[in-house]
Amino acid sequence: MSQLAESKGIILSSRNYKEKDKLVKIFTESAGKMMFYVKGIHRQNQPLAPALLPFTEATYIGIGTFKNEGLSFITSVKDVHAFRHIQEDIFLSGYGTYLLNLVDAAIEDHQYDPHLFHFTQLALNRMDQGDDAEIITNIFEVQLLQRFGIAPIWTHCVVCGETQGKFDYSSKYGGVICEKHWDMDHHRYHADPRAVYFVRMFSAISYDKINGISLKEETKQAIRQLIDQLYEEYVGIHLKSKKFIDQMKSWEHVLKVPEKEDKPTTEDEKND
Ligand SMILES: [Zn+2]
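Counted the way numbering that gives the first Met the number 0 counts, the sequence shown spans residues 0 to 271.
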């Protein structure tokens with residue numbers, strides 16, 4: 000029995016299958032992550048082709064309900080939207096691929112997760128519109144920890160409740176501890192307090208509030224180190240796309256604009 004179903008979706012990955020076909024993994028809004036089988040994709044004028052490119056979202060229409068196990072088929076598409084800048088820019092593609100690989104790792108097939116769907120869509124949109132890809136990625140990583148079953152306490156010192164000042168991350172306490180209590184955990188991360196400051200902010204920020212954030216390269220590196228440490232300890236996945244963005248760091252400076260000052264929000268500017 001077949002049944003017509005449709006859902007918005009974001010392409011997660013695709014690979015060739017046999018000579019002319021493709022297996023396409025799509026994060027659908029209505030039924031989570033699913034694998035689709037598309038026949039004859041390498042034929043000329045295959046109308047589905049543009050909707051199956053990396054960094055594309057569309058409404059995918061298929062035979063077989065989206066809730067079925069196994070492969071599904073796509074018969075047509077509508078409302079195709081390509082994230083063009085991400086598709087065309089090697090740096091953005093690098094960050095975008097990593098972000099989608101993280102989504103793929105964080106959820107099971109057919110796991111309904113509209114919140115993560117919209118979060119992913121928003122992250123790609125912001126990246127495509129020119130917001131800082133590293134900051135978008137960092138926010139994504141920090142907030143995605145929850146999908147891996149980890150919920151560190153970022154809002155206050157786990158020992159005394161302090162919310163202001165310098166903090167470090169403690170695995171022992173499962174959250175941040177303030178400077179007064181650093182001696183309660185000698186194995187704390189010894190992270191750069193500026194990195195902890197921004198990761199605390201990133202854990203609660205929404206993408207529409209990131210406009211005014213711009214960070215010095217040094218601060219970005221410290222944040223990268225802290226998030227890497229968290230992922231190493233709690234998530235333990237090693238994605239090729241992550242390795243790629245780490246390596247990208249060594250050659251991207253050739254094309255980079257001069258250093259900026261750290262600027263947490265636009266609020267200060269407005270008050271000036
Ligand atoms: Zn404290």
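Ideal Cβ placement from N, Cα and C applies to all residues, glycine included.
Between the C-alpha atoms of Val195 and Leu225, what's the straight-line distance to the nearest angstrom? Roughly 8 Å separates the two Cα atoms.
Below 8 Å on the Cβ atoms is my guess for Leu47 versus Ile10; work out the distance and round it to an integer in Å. In fact, because the Cβ distance is near 11 Å, the residues do not count as touching under 8 Å.
Taking only heavy atoms of ligand 1 into account, decide whether any of them is closer than 6 Å to the Cβ of Lys32. no
On the three-pair Cβ rule with 8 Å, is the segment 219-235 touching the segment 190-205? yes
Assign Asn270 to one of three DSSP states: helix, strand, or coil. With a pLDDT of 40 at Asn270, under the threshold of 50, the modelled position of that residue is not reliable, and the figure given next carries that caveat. Asn270 falls in the helix class under three-state DSSP.
Status (buried if at least 16 other CB within 10 Å, exposed otherwise) for Leu99: In the assembly as shown, Leu99 is a buried residue. Its beta-carbon has 16 or more other beta-carbons within 10 Å.
For Gly8, the three-state DSSP class (helix, strand or coil): strand
Test item: CB-CB of Ala190 and Tyr206 under 7 Å: no
Inside the segment 21-78 only - beta strand (DSSP E) runs reaching at least 3 residues: 31-37 and 55-62
DSSP-derived helix/strand/coil call for Ser213: Assigned with DSSP and collapsed to three states, Ser213 falls in strand.
For the beta strand (DSSP E) containing Gly174, name the first residue and the last one. Gly174 to Cys177
Alpha carbon to alpha carbon, what distance is there between Pro151 and Phe54? 31 Å
Closer than 6 Å to a non-hydrogen atom of ligand 1 - does that hold for the CB of Lys179? Yes, since a heavy atom of ligand 1 falls inside the 6 Å radius drawn around the Cβ of Lys179.
In the DSSP output, which residue or residues are listed as bridge partners for Arg14? Leu22
Integer-rounded CB distance, given that Cys177 should sit under 8 Å from Phe166: Contact between Phe166 and Cys177 holds: their C-beta atoms lie close to 6 Å from each other, under 8 Å.
Kindly examine ligand 1 and report whether one of its heavy atoms sits closer than 6 Å to the Cβ of Val158. yes
Residue range of the unbroken alpha helix (DSSP H) whose run includes Phe116: In the DSSP annotation of this structure, the continuous segment of the alpha helix (DSSP H) that includes Phe116 starts and ends at Pro113 to Asp127.
Quick check: what's the CA-CA separation for Ser249 versus Ser6? 40 Å
Straight-line gap, Val102 to Thr119 (C-alpha atoms, nearest Å): 8 Å
Going by the C-beta, is Glu161 closer than 6 Å to any heavy atom of ligand 2? Ligands present in the displayed structure are limited to ligand 1, and ligand 2 is not among them.
Could you pull the start and end residues of the beta strand (DSSP E) that Asp167 belongs to? Phe166 to Ser169
Candidates His185, Asp261 and Gly173: closest to Asn210 by CA position: Ranking His185, Asp261 and Gly173 by Cα distance to Asn210 puts Asp261 first.
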